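One structure is given here, and the rest of the page talks about it.
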Amino acid sequence: MANELKGKVAIITGGASGIGEATAELFVEEGARIVIADVSDVQGEALAAKLGGNARYLHTDVSQREQVQALVDYAISEFGDLDIMFNNAGISGAYHNRFLDDPLTDIDKVLAVNLAGVMYGSQFAARHMAQQRKGSIINTASIAGIQASYAISAYRASKAGVINFTKAIAIDLGEYGIRANALCPGHILTAMSGFSAPGLTPERARAMEAAMMETWMINQPLARHGKGRDCAEAALWFASDRSLQTTGQALAVDGGISAGDPINLHALLMQTRARFVS
Ligand SMILES: NC(=O)c1ccc[n+]([C@@H]2O[C@H](COP(=O)([O-])OP(=O)(O)OC[C@H]3O[C@@H](n4cnc5c(N)ncnc54)[C@H](O)[C@@H]3O)[C@@H](O)[C@H]2O)c1
-3 MANELKGKVA IITGGASGIG EATAELFVEE GARIVIADVS DVQGEALAAK LGGNARYLHT
57 DVSQREQVQA LVDYAISEFG DLDIMFNNAG ISGAYHNRFL DDPLTDIDKV LAVNLAGVMY
117 GSQFAARHMA QQRKGSIINT ASIAGIQASY AISAYRASKA GVINFTKAIA IDLGEYGIRA
177 NALCPGHILT AMSGFSAPGL TPERARAMEA AMMETWMINQ PLARHGKGRD CAEAALWFAS
237 DRSLQTTGQA LAVDGGISAG DPINLHALLM QTRARFVS
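For the sequence shown, my numbering begins at -3 and goes up steadily by one.
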């Protein structure tokens, strides 16, 4: 593929690293002009410089309504239009093992970045797109918003909110020719996705990380580690005119983990069975 996004203008929030960074690279490869929005200024500016004249960087904290409005205004003033709004910035919040032990001190921040930030970006972009009667809004949710499990309950709530919000605006904005879809990554190797615990020696931390990854892979049908580029490819499809008939959808990019039982009970049963059957 090449030039799938020729002539299109995109904003990518959380674009300085991980999934956003991979998407920034792919969108520019495909001919888009982009604004990378993030709070990691050094990384964001370096990426924009690397990508050349079709990329800009703007410091934007997506939890701040007026900064998101300024971001949309900036993209339109720099590039004359806005076709694609990728609301991708997100934070995981503190990782606590079980709900009873979770101090719930980060609810406001997690909801402000992950959910309110998506809502601001969607609305400000849609107000411009409605005048043009075209546009694609892509909101990063998570498989944590599709299926429930242990821990990070605020994060799960924020991502479930992103999915339902995206479906709601898809219905609301359809008459203006604006599409809205959610991207639901599974485990993707980025800065956010590492497993850590306080007080471990580097060697023990590496061993724990490897063991956690192995456990994850037991439960994932495709035993392959997801990469930012995998999500970028899905974002490209939502952004391009190849998906003109698709709106209100939540697409998991997760190696199949959300296709069925998240604990993979059947696999565990088979392991138990194997202890008895030679
Ligand atoms: N990596 C995974 O396994 C995974 C799984 C499911 C969902 N996600 C989601 O994917 C999205 C991207 O995450 P990632 O894995 O690339 O992580 P990442 O940490 O590499 O990237 C997230 C980016 O968002 C930026 N950011 C954080 N707070 C911000 C704010 N207030 N305003 C603007 N930018 C802000 C960070 O500086 C960073 O550059 C997030 O929404 C995350 O919840 C990731």
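Cβ atoms here follow ideal geometry from the backbone N, Cα and C, with glycine treated the same way. Keep in mind the model is a prediction, meaning the values are calculated, not measured.
Exercise. Just to confirm, does V35 get its C-beta within under 8 Å of one of the non-hydrogen atoms of ligand 1?
Worked result: V35: yes, Cβ under 8 Å from ligand 1.
Exercise. For S88, which residues from the same chain have a beta carbon less than 7 Å from its beta carbon, with the 5 sequence-adjacent residues on both sides left out?
Worked result: So the qualifying residues of the chain are I148, Y151, M188.
Problem set entry | Span of the beta strand (DSSP E), counted from its first residue to its last, around T9 | Its beta strand (DSSP E) spans residues 5 to 9.
Exercise. Under 9 Å, do G131 and I165 count as touching if we go by C-beta distance?
Worked result: Cβ distance not < 9 Å, so G131 and I165 don't count as in contact.
Problem set entry | Limits of the unbroken alpha helix (DSSP H) element including V68 | For V68, the enclosing alpha helix (DSSP H) begins and ends at 61 to 75.
Exercise. Is the number of C-beta pairs between the segment 202 to 213 and the segment 29 to 47 that are closer than 8 Å three or more?
Worked result: In short, these stretches do not touch, since the Cβ pair count stays below three.
Problem set entry | G157: CB within 8 Å of a non-hydrogen atom of ligand 1 | No, ligand 1 has no heavy atom inside 8 Å of this Cβ.
Exercise. Where does L218 fall in DSSP's three states?
Worked result: Here L218 carries a coil assignment [DSSP, helix/strand/coil].
Exercise. What do you reckon, are the CB atoms on G86 and N50 nearer than 9 Å?
Worked result: Result no, Cβ atoms of G86 and N50 do not sit closer than 9 Å.
Exercise. Leaving out five residues before and five after Q276 in sequence, what residues of the same chain have Cβ atoms less than 7 Å from its Cβ?
Worked result: In this structure the chain extends from -3 to 274, so residue 276 is not present and cannot be described.
Exercise. Roughly how many angstroms separate the alpha carbons of N160 and Y146, rounded to a whole number?
Worked result: When rounded, the distance between both Cα atoms is 21 Å.
For this session: For I167, count neighbouring Cβ atoms within 10 angstroms of its own Cβ and tell me buried if that reaches 16, exposed if not.
Result: Answer is exposed; the Cβ neighbour count stays below 16.
For this session: Can you give me the start and stop residues for the alpha helix (DSSP H) that G14 sits inside?
Result: Start and end: 14 to 25.
Problem set entry | Proximity winner among G48, T243, S254, V5, relative to L218 (alpha-carbon distances) | The residue with the shortest Cα to Cα distance from L218 is S254.
For this session: Go through its chain and collect everything with a Cβ distance to M311's Cβ below 7 Å, but skip five positions before and after it.
Result: Because the chain here runs from -3 to 274, residue 311 falls outside it and cannot be looked at.
For this session: Drop a sphere of 10 angstroms on the beta-carbon of V273, count the other beta-carbons inside from all chains shown, and report buried for 16 or more, exposed for fewer.
Result: When all chains shown are included, V273 counts as exposed.
Exercise. Looking at the unbroken beta strand (DSSP E) that takes in N160, where does it start and where does it end?
Worked result: Note, N160: premise wrong, no beta strand (DSSP E); alpha helix (DSSP H) at 149 to 169.
Exercise. Opposite N135 in the DSSP bridges: which residues?
Worked result: In DSSP, N135 forms a bridge with N83, A178.
Exercise. Does the beta-carbon of G76 have 16 or more other beta-carbons within 10 angstroms, so that it is buried, or is it exposed?
Worked result: G76 comes out exposed.
Exercise. Taking 8 Å as the cut-off, is the CB of I15 close to at least one heavy atom of ligand 1?
Worked result: Result yes, Cβ under 8 Å from ligand 1.
Problem set entry | Candidates E205, G27, F23, V5, of which the one nearest D69 by Cα | Of E205, G27, F23, V5, the residue nearest in Cα terms is V5.
Exercise. Which class does H92 belong to by DSSP, given the choice of helix, strand or coil?
Worked result: Coil.
Exercise. Between S59 and Q65, what straight-line distance do the alpha-carbon atoms span, to the nearest angstrom?
Worked result: Taking the straight line joining both Cα atoms gives about 11 Å.
Exercise. Taking DSSP as the reference, what is the three-state secondary structure of V273?
Worked result: The DSSP-derived three-state label of V273 is coil.
Exercise. Cβ of V68 within 8 Å of any heavy atom in ligand 1?
Worked result: No.
For this session: State the beta-bridge partners of I32 as determined by DSSP.
Result: DSSP lists I8, Y53 as partners of I32.
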